[in-house]
Every structure is written in C-alpha cells, then in structure tokens.
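Participant:
Residue numbers (UniProt numbering): 1 to 329.
Quick look at the structure:
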C-alpha cells in the first residue's frame, strides 16, 4: 500500500479462474460487439432492449423494491427487508456508456449493496443519449440528490455510488451539489469510473482491456460530443468536460475501485491524485486484472463480491461517528 496525506493506494492481488474465464469470454464475444456498436451509435438502435431484457432477472431476496417518481424520472427505492435499517442512504447512478442500462440492469448489484450496508438506496433512470446529452444526465442526478433532501435526509446522510459512466455522474453530481450549495455528501464510491469523455485522440498506449478498446471508446466520445452539440452545448458538466482537471475542492471522501489493467485505469489513477492534491481524502484500489465494473458482476465474480463488500464497509465507516436522520424514505 502507498499512503500519502490524502491518498491511499492499494493493489489487491490474485485472480480467480472464474475471473479469467469471464475476461476471455468478454474479449472473444463482447469486445467485438462493443467495437462495432461504438462506431454505430448514431443509428436508431433500440437502446432500451438491454433494460427491458434485464426485467426478467430474478430479484434478490432480503430487500424490497418500491417504484417512485423523482420529478419526471422513474426511480426505485431499494430497502433492507429485515434487520436494523441504517438512517443513511445511497444514491446509485448506473453505468452503460450514457446509452444503455437502468434500474433493471443494476437492481441485483444495488440490492447486494443494500444488504451489505443496511442502507436504503435510490436508483434513478436518468435521461440518456442519443435523445439527451450528458449534461441532462447530470442535472437529473443532481435532482435526485435534491429529492432525497426533500424527503428529510441531510446532505451528509447521502453517499453517491456509480459504475463506469455512473462513476462520472457520481463526481459530476457532487460538484453540481456543491455549486448549488446543497451541502456536502457523505462520500463517493466509483467502480471503474469513466472520467474523461472528451473526444481527443490521446489515449494511445492504454492497457489491452478485455471489454473496452481505444477506438470504440474514442468513437463513443465523439458521439456524446455530437449529442451535446445538438442540444446547444453543455449547461454545466457534460460530455465535453474532463473531470481529470475539474475543480474538485470540497468534495467528500472518495473510494475508487478499478481493475489494474482496465482501459480507464490510468484516468482513475490520475484522478485519485487530482483529488488528493486538492485536499480530498481518497482511497484507490487496483484489483489484479479484473474486468470493467467487476463489482456489478458480484453474482458471478468472487472478486466482484469481495470489492462490493469492501465498498460496503467503506460506506458504513463514513457514518461511524454520525447518527444520521430518520427520514420518510
């Protein structure tokens, strides 16, 4: 472990046979589809198919799921079904490259997190591309944070968790919350975060990720920038904003968990240092050759479950000295 005044970096060694098999399968079957799809995002694909198909996934026991409306958004409140319930809450922002995914695709991962922490979670179906720019996604997520405050939570009761594009949104939401003087969240947890979606050709020499390639990633960045431009440019943080150089002063304690050889790993390392240099207490965990968003795959990967449980401990320790409120949600 390397430790600085505000930065702790650890390497979690070891990779299970199952993790190796998943990486090989993803490289053979999924990565080619990601490459093709990344270059054809402007076509009228039925992006909601993945979310609809995920509706068939069985719900996890030990939690309850309540559909709610957050402004114009569909959302779900996931609560522990039994046992003591924490007065604190998670705002979970799903990944999916700003094009796919939603409460259905991420319900099981969030349910695991709810069971492990004892905290209630709010999962929002924020607006996505190609109909809406990333700046609209950020506004929706900030609205969800404000909705929780309206339900009786204090800002310090709320932790923001996100994977991949949701990791970008977690940081962007915390910055937006600070700009709106809504208070300081308890903390952030980012799983394999995408932190820089600017369409610039500087990503050479990256790791040979089992899922994400440089050309596909750059194609995604160009598509997101087009959507942002068609919408009249970013109002606030959008796809053309690199969080690697954003003003992060005053952000809460942050945990970043990422595979050591993911395509996004170099950005995660740079961002962790950027946070620490600006006085943010930061913990970076590099997991030995794990696949992108491996904690979301906790049902499949033992390392995913281990990382999720470590994140749960981190989230609960954020509140160890604070009693929290007892709001309606």
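We put the CB at the ideal spot given by N, CA and C, even for glycine.
1) Is residue 28 buried or exposed, if buried means 16 or more other CB atoms sit within 10 Å of its CB?
2) Would you report the Cα separation of residue 255 and residue 311, rounded to the nearest angstrom?
3) Alpha carbons only, please: which of 11, 22 and 15 is nearest the one belonging to residue 300?
4) Taking 8 Å as the cut-off, decide whether the C-beta atoms of residue 115 and residue 68 are in contact.
5) Reducing DSSP to helix, strand and coil, say where residue 75 ends up.
6) Straight-line CA distance for residue 65 to residue 307?
7) With DSSP as the reference, identify every bridge partner of residue 259, one or two as the case may be.
8) Go ahead and label residue 285 buried or exposed: buried means 16 or more other beta carbons lie within 10 angstroms of its beta carbon, across all protein chains shown.
9) In this structure, how does DSSP classify residue 103 when only helix, strand and coil are distinguished?
10) Does chain C have any CB closer than 8 Å to the CB of residue 151?
11) Take residue 198 as the anchor and find which of 318, 246, 56 and 320 has the nearest alpha-carbon.
12) From residue 165 to residue 266, what does the alpha carbon distance come to, in whole angstroms?
13) Please report the Cβ distance between residue 133 and residue 227, rounded to the nearest whole angstrom; I am assuming they are in contact, meaning their Cβ atoms lie under 8 Å.
Facilitator: So, from the data block:
1) Classification of residue 28: exposed, given that the 10 Å Cβ count is below 16.
2) If I take the Cα positions, the gap works out to 8 Å.
3) Comparing alpha carbon positions, the residue from 11, 22 and 15 closest to residue 300 is 22.
4) Going by beta carbons, residue 115 and residue 68 fall outside the 8 Å limit.
5) If DSSP states are grouped into helix, strand and coil, residue 75 belongs with the strands.
6) For residue 65 and residue 307, the distance between alpha carbons rounds to 23 Å.
7) DSSP output for residue 259 lists 287 as bridge partner(s).
8) Taking every protein chain shown into account, the CB of residue 285 has 16 or more other CB atoms within 10 angstroms, so this residue is buried.
9) Here residue 103 sits in helix by DSSP.
10) The displayed structure is made up of one protein chain only, and chain C is not part of it.
11) Of the listed residues, the one whose Cα sits closest to residue 198 is 246.
12) Cα to Cα, the separation comes out at about 16 Å.
13) In this structure residue 133 is in contact with residue 227, their Cβ atoms being roughly 5 Å apart against a cut-off of 8 Å.
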